[in-house]
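**Q** Sending over a structure as structure tokens; questions will come in a sec.
In this note's numbering, the protein residues as written are 462 to 501.
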């Protein structure tokens, strides 16, 4: 369970998710590696 510092506008104070769901959300925030990078 993740508790927010401040409640959202709708009154939500926490979100409950599994470890896998949490990791999936973190991965979505990480930018993909540029495949065309030549080291310049």
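The C-beta atom is built at its ideal place from N, Cα and C for all residues, glycine as well.
If you're wondering where the values come from, they're calculated on a predicted model, not measured in any experiment.
Which ranges does the alpha helix (DSSP H) cover as unbroken runs of at least 4 residues, wholly within the region 462-494, from first to last along the chain?
**A** DSSP runs (the alpha helix (DSSP H)) wholly in the region 462-494: 480-490.
**Q** Is residue 465 closer than 8 Å to residue 475 when the C-beta atoms are compared?
**A** It is a contact, given that the beta carbons lie within the stated cut-off.
**Q** Our contact map puts residue 477 next to residue 462 with C-beta atoms below 8 Å; I'd like the distance itself, whole angstroms only.
**A** The pair is a contact, with the Cβ atoms about 5 Å apart (cut-off 8 Å).
**Q** Going by beta carbon distance, what residues of the same chain come within less than 8 Å of residue 471, once the five residues before and after it are set aside?
**A** Hits under 8 Å: none found.
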